[in-house]
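Numbering (my numbering), first residue to last: 5 to 236. Positions of the beta carbon are idealized from the N, C-alpha and C atoms, including for glycine. No experiment lies behind these values; they were computed from the predicted model shown.
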């Protein structure tokens, strides 16, 4: 289809796409279709909102110090959650190793929080007839189940998943909004269920506070203090 749209020979287009695929700028599906790759998406994300990447690290660092578990900053890419930054209790904020990692929207706390502003019909449209349950034993069975869980999370103010993406993983997440109130990203904390399950309520409140602080920072006029936003 791409070769036809470009009016070029298929073999020539295929050769031109090969180095782009190797660089992660283009991805090839099992059916042979090409689409934009994770690396190009990351470059676009970074160029599109430098303030988010600038203001998030101190907030994430503080959140990690409070909860003592790994924190992630992610955005939505279709039906997937795309991680931009990660902060561990031991290491500084890092993009290497996590940038480009994706996970399903329907069975992760990040994905669920990213759907807070979606209506039931919009969620149905997002999946169409292609809903695939998550790999965890407690993942939503279908779109109706997902819609119910999104509503419960929305009412709570943060999403909680336990055994949905991974049977041994528990996580909480809350949305980050821009100056217009639109959800642009999500902060989440994930950890082994055996040590985190009993702390999801308190951790969820911390995540909400951190996401709210980051949202307010994004809504404030840029200033020289953006390099070192207040950590509260």
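Item, Value
"Inter-stretch contact at 8 Å, needing at least 3 Cβ pairs: the region 113–125 / the region 77–88", "yes"
"Residue 1, enclosing alpha helix (DSSP H) - first and last residue", "It is not possible to answer for residue 1, since the shown part of the chain is limited to 5 through 236."
"Distance CB(residue 204)-CB(residue 180) smaller than 8 Å", "no"
"Reduced DSSP category for residue 200 - H, G, I as helix; E, B as strand; rest coil", "helix"
"Selected residue, minimal CA-CA separation from residue 200, among 165, 153, 187 and 125", "165"
"Cβ-based neighbour list, residue 35, same chain, cut-off 8 Å, excluding 5 preceding and 5 following", "none"
"Three-state secondary structure (DSSP) of residue 51", "With a pLDDT of only 46 at residue 51, under 50, the local geometry of the prediction cannot be trusted, and the value read off the model is given with reservation. Helix, per DSSP."
"Close Cβ partners of residue 100 (< 6 Å) along its chain, the five nearest in sequence each way excluded", "Confidence at residue 100 is low in this model, with a pLDDT of 43, below 50, so the placement of that residue is unreliable and no value is reported for it."
"8 Å Cβ cutoff met for residue 2 and residue 71", "Missing from the structure shown is residue 2; the chain here goes from 5 to 236 and no further."
"Option nearest residue 131 by Cα separation, candidates 82, 90 and 143", "82"
"Counterpart residues of residue 86 in DSSP-defined beta bridges", "79 and 106"
"Option in 55, 23 and 170 with minimal Cα separation from residue 226", "55"
"The alpha helix (DSSP H) enclosing residue 166, as first and last residue numbers", "Residue 166 -> not in any alpha helix (DSSP H); beta strand (DSSP E) instead, spanning 163–166."
"Three-state class that DSSP yields for residue 71 in the structure shown", "helix"
"Rounded straight-line distance, which links the Cα of residue 74 to that of residue 123", "30 Å"
"Residue 136 (DSSP reduced to helix, strand or coil)", "coil"
"Nearest to residue 254 (by Cα), restricted to the options 107, 66, 134 and 173", "Here the chain has residues from 5 to 236 only, and residue 254 is not among them."
"Cβ neighbour criterion (16 or more within 10 Å) applied to residue 170", "buried"
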